[in-house]
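Participant: Have a look at this one.
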Amino acid sequence: MLLTLEDYCSEETVFTGMGGSALTPAFPKILHMLYDMDVLSEVSVLAWSAEKEGAEEEDKKFLKLAKPFVEWLKEADEESEEETETESDSE
Numbered sequence: 060m061l062l063t064l065e066d067y068c069s070e071e072t073v074f075t076g077m078g079g080s081a082l083t084p085a086f087p088k089i090l091h092m093l094y095d096m097d098v099l100s101e102v103s104v105l106a107w108s109a110e111k112e113g114a115e116e117e118d119k120k121f122l123k124l125a126k127p128f129v130e131w132l133k134e135a136d137e138e139s140e141e142e143t144e145t146e147s148d149s150e
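Going by the numbering used here, the sequence shown runs without a break in its numbering and finishes at 150.
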């Protein structure tokens with residue numbers, strides 16, 4: 060789904076000429092909204108981010124736009140892991 064959203068905002072493939080590029084600045088907000096609505100999971104966003112980190116610079120456009128949101132997810136994931144470890148250690 061994330062790759063399709065990227066294609067739409069880039070007006071690539073079947074989305075050429077559909078006006079999706081107007082949504083490019085809103086990409087991080089759309090991503091966050093889809094996450095809040097449980098359409099996208101934390102795992103899927105982080106997997107997309109990891110895949111894009113290894114991409115060529117021109118393919119990182121949307122990752123750069125979404126960086127604050129992705130960083131927030133990573134921090135939340137790390138805090139969750141720390142809490143789980145602390146709970147395991149106290150048992």
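Glycine included, each C-beta is placed from N, C-alpha and C at the ideal position. This structure is a prediction, so every number in the text was calculated from the model and none was measured.
Determine the closest residue to residue 119 out of 127, 128, 108, with distance taken between C-alpha atoms.
Facilitator: On the sequence shown, residue 119 is found 60 positions in, with the first residue counted as 1. With distances taken between Cα atoms, residue 119 lies closest to 108.
Participant: Give the DSSP-derived three-state secondary structure of residue 104 in the structure shown.
Facilitator: As a working note, residue 104 is residue 45 in the sequence shown. In the structure shown, residue 104 sits in a helix (DSSP, three-state: H, G or I).
Participant: How far does the alpha helix (DSSP H) with residue 63 in it extend, from its first residue to its last?
Facilitator: The residue labelled residue 63 in the question sits at position 4 within the sequence shown. 61-69 is the span of the alpha helix (DSSP H), which, as asked, contains residue 63.
Participant: Nearest CA to the CA of residue 106: which residue from 67, 136, 74, 71?
Facilitator: As a first step, residue 106 is located in the sequence shown; it is residue number 47 there, counting from the start. The shortest C-alpha separation from residue 106 is found at 136.
Participant: Determine the direct distance from the alpha carbon of residue 68 to that of residue 77, and round the result to whole angstroms.
Facilitator: The residue given as residue 77 occupies position 18 in the sequence shown. The residue given as residue 68 occupies position 9 in the sequence shown. So the two alpha carbons sit approximately 9 Å from each other.
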